[in-house]
Each structure stands twice: as structure tokens, then as C-alpha cells.
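Visitor:
Numbering (this note's numbering), first residue to last: 69 to 424.
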């Protein structure tokens, strides 16, 4: 099955499809990808062999000329985690009234011309409720108008053996007929149950907690300074109060801005004694915030962030060796789709003959 990846970032969809191919579930072949961020593109090309593939670049500029779309090679599956800032609870939620919200229609432009049989899209869970559900309804309507049958649901990364809380909407659209109860079948529990039956024999990474992937020794630059620790550990003030605990066994949702180092209620930080003792010692249980500020605490490394999204650590290392900064790598990890979640969903779609 041939595949075009839009808004590719570091290739989360592609990585999942490569693993499905390696596992003999179904063979996928990439024909091209689009990504506007030059640093993300560098990470992509540092880890995938893209020789002979179409590089779409800026999807807005590419689709502005219909001939560009017509000249694309035929493909069977289009994937994309289209930009979600306009739909996220952290964004302005301008939806289709804001330029980035219009990017969904650039996907529709390609679908209208190339008519691939299958589409798999990802977005933040808030897409379901944005504008009282009108935004999501419009997306489904546009896909229906193009001749696609649509099912969707919300999936959480932590249910697919990656220790990160990350709830995302996945939308599957196909020109093939779907059973009448397709929406009832396409549930997080059904996808998880099937994945749980087989994941030990599959190529996907799997971790029970963050302790399975945190390195015991990292460079000093990843440790918090004495100056910043009180801020990171603060529970907030005024109208914004949130419990800022470190040493979370299941990581908080990775964000594209985690390189800016938010408080521990938003990002992930770990004390060295917690790591060294494999969680047996957790100073959070018996230390005050003032006492915690006196012990070594670090942020996760880019390699660990990539692993929390289901990528091998060498993806970050390869990109760094190609000149990508740690700040850019953190952003890329926060923007990525979780490989295991995509694998589990596609595995389910294949197993149930929704994707063929």
C-alpha cells in the first residue's frame, strides 16, 4: 500500500507503517511527504531514506497550483497530523477562521484530485468539542462530500505501552464500505485489547513506566539550576494554582514548548535518586518543595522525549549529529504523533478489514 504523509514532522505515521511492514502485517511504501519546518525536515531525512520521493514542502504553496497535485504519484493512504493550534485548549481556538485552521482544506484539495482510498488524520482531543462540535462536524461533512465514510475516536498514548498521557482524536476515512456498527467497533478499548494480545511479538517499543527509558547518567546541562528549581517546583500563585510534582511514573503530555521549561505541573522532571533507585526512593513523598529544591533534578533528554513518543533514541541522536539543536528536538517530539498509537489503530483497521 502506497502512502503520502502530510504535515510529517519527524514521521510518526511513517515510522508506524514501517514497523507494520517489518512485522509482515501489511506492506507500506512512502511516495512523498510534506513539512514546512526545515529542522523537522532535517530530522526526517536523517532517519528515513527519502530517495525518489516527492517533497511537497509548504502544503499551502504546493496545493495553490492544481498541477502539482495532479503530478503526484497515485497513493492508497494519506496520513497527517494537521496543525492543531487553532483547536487546542492551549491555543486561541479560532478554528476555520484562523489561517492554520484552513490547512485541513489543503488536505481536502489533495483528496479531491487524487482520491486515495484511505485517510488517517490526527488532532488534539479538543477538536471534538471546538465551537460546540461544529468544527468537527464540518470536517466530517467535507470528507463525506468527497465520497468518504468516516469513523473516529479519542485514543490515549498510555494505553499502548508508552508511558505518556496523551489523548488525541484519530479520524479514519475510506471510500470502501464500512459495517453499520463501525463506530461501535472503533473504540479505544477494542483497539487496546487487540494490541495487548500481540504487542510482545511486534516491533513496537514498549515500556511500563518512564523508569524503563530514563538514562541513569546524562550530561550536566539537563539538570535544573539552583535558580530555576524553585520556579519549576512552584504550585503557582494568584488565580493559577496547580500541583507541580516531579517523578511521574506516567509522563505528562509532551508539549511543543517544553524546551521553555514550564513548571512541573506541565512538563516532566525527575530527581536523580528516583532514577538511581528505580523509583524506590521518591523524595516527593516526604520532602517539602524547599527541600526538593536542594537535590539534583533534571528534565528529560531529547532522546527520552523521542522514546516517550515511540521513536528509537537514535532518531534524536541522528538529527543532532546533522545539526538539529536540542530545543528543536524537544519541539519536534512535542508535535509528533505517538508511534504506538498509530500502529495499534492501523493494526486494528487492517485486522477488521477496514483498511485494505
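We treat Cβ as the ideally placed atom computed from N, Cα and C, and that holds for glycine.
The structure displayed is predicted, hence computed values, not measured ones.
#1: Please work out which residues of its chain come closer than 7 Å, Cβ to Cβ, to residue 368, disregarding the five sequence neighbours upstream and downstream, and give them in chain order.
#2: Closest to residue 256 by C-alpha separation, out of 116, 225, 278, 269, would be which residue?
#3: Could you check how far apart the C-beta atoms of residue 185 and residue 244 are, in whole angstroms? I think they sit under 8 Å.
#4: Taking the runs of the alpha helix (DSSP H) that are 4 residues or longer, which of them lie wholly in the region 316-393?
#5: Pull up the DSSP beta-bridge partners for residue 188, would you.
#6: Is it right to say residue 231 is buried, meaning 16 or more other beta carbons lie within 10 angstroms of its own, or is it exposed?
#7: Under 8 Å by Cβ, that's how I've got residue 73 and residue 147 pegged, so tell me the actual separation to the nearest angstrom.
#8: Please list, in chain order, all residues of the same chain as residue 221 whose beta carbon is under 7 Å from its beta carbon, the five residues on each side excluded.
#9: Between which two residues does the alpha helix (DSSP H) holding residue 114 run?
#10: Got a sec, what are the start and stop residues for the alpha helix (DSSP H) residue 133 sits in?
#11: Tell me the DSSP secondary structure of residue 409 in three-state form.
#12: For the ligand SAM, I want to know if residue 259 counts as a neighbour, meaning its beta carbon is within less than 8 Å of at least one of the ligand's heavy atoms.
#13: Taking only the alpha-carbon atoms, compute the straight-line gap between residue 391 and residue 251 and give it to the nearest angstrom.
#14: Report the CB separation of residue 104 from residue 126 in whole angstroms; it is logged as a contact under 8 Å.
#15: Given that a residue counts as buried once 16 or more other Cβ atoms are within 10 Å of its Cβ, and exposed if not, what is residue 424?
#16: Under a Cβ-count criterion, where at least 16 other Cβ atoms within 10 Å of its own Cβ denotes burial, should residue 425 be classed as buried or exposed?
#17: Report the CB separation of residue 332 from residue 313 in whole angstroms; it is logged as a contact under 8 Å.
#18: Please determine if the region 204-215 and the region 380-398 are in contact, where contact requires at least 3 C-beta pairs separated by less than 8 Å.
#19: With 16 other CB atoms within 10 Å as the buried threshold, where does residue 100 fall?
#20: Spatial neighbours of residue 214 within its chain, please: CB distance less than 7 Å, with the 5 preceding and 5 following residues excluded, ordered by chain position.
#21: Is residue 86 helix, strand or coil when you go by DSSP?
#22: Decide if residue 260 is buried, meaning its Cβ has at least 16 other Cβ atoms within 10 Å, or exposed.
#23: Please report the distance separating the alpha-carbon of residue 228 from that of residue 412.
#24: Let me confirm a value: residue 317 is counted as buried when at least 16 other C-beta atoms fall within 10 Å, else exposed. Which label applies?
#25: Could you say which of 303, 285, 187 lies nearest to residue 357 if we only look at CA atoms?
#26: What residues in its chain sit with their C-beta under 7 Å from that of residue 349, if we drop five residues either side in the sequence?
#27: What do you get for residue 198, buried or exposed, if any count of 16 or more other CB atoms within 10 angstroms of its CB means buried?
#28: Measuring straight from C-alpha to C-alpha, what distance separates residue 323 and residue 258?
#29: Buried or exposed: where does residue 443 fall if 16 or more other Cβ atoms within 10 Å of its Cβ makes it buried?
#30: Please determine, among 188, 102, 284, 403, the residue with the shortest C-alpha to C-alpha distance to residue 118.
Guide: So, from the listed chains and residues:
#1: 336
#2: From the listed residues 116, 225, 278, 269, the smallest Cα separation to residue 256 is found for 225.
#3: That belief holds up - the Cβ atoms of residue 185 and residue 244 are roughly 6 Å apart, short of 8 Å.
#4: 340-344, 357-360, 370-376, 382-389
#5: According to DSSP, which records beta bridges pairwise, residue 188 is partnered with 147, 240.
#6: buried
#7: 5 Å
#8: For residue 221, where only same-chain residues beyond five positions count, the Cβ hits under 7 Å are 238, 254, 255, 256.
#9: Note, residue 114: alpha helix (DSSP H), 106-115.
#10: No alpha helix (DSSP H) holds residue 133; DSSP gives it neither H nor E.
#11: helix
#12: In terms of ligand content, the structure shown is empty, and the ligand SAM therefore cannot be addressed.
#13: Each residue's Cα considered, the two are about 44 Å apart.
#14: 5 Å
#15: exposed
#16: Given that the chain is displayed from residue 69 to residue 424, the structure contains no residue 425 and the question cannot be resolved.
#17: Indeed they touch by this definition, with Cβ atoms about 6 Å apart.
#18: Segments in contact, no.
#19: So residue 100 counts as buried.
#20: 176, 179, 180
#21: helix
#22: By the 10 Å Cβ count, residue 260 comes out buried.
#23: 7 Å
#24: exposed
#25: For the residues 303, 285, 187, the minimum Cα distance to residue 357 belongs to 303.
#26: The answer, listed in chain order, is 341, 342.
#27: Classified as buried, residue 198 has 16 or more neighbouring CB atoms from the shown chains inside 10 Å of its CB.
#28: 28 Å
#29: Outside the modelled stretch of the chain, which goes from 69 to 424, sits residue 443, for which no answer is possible.
#30: Selected option, being the one with the closest Cα: 102.
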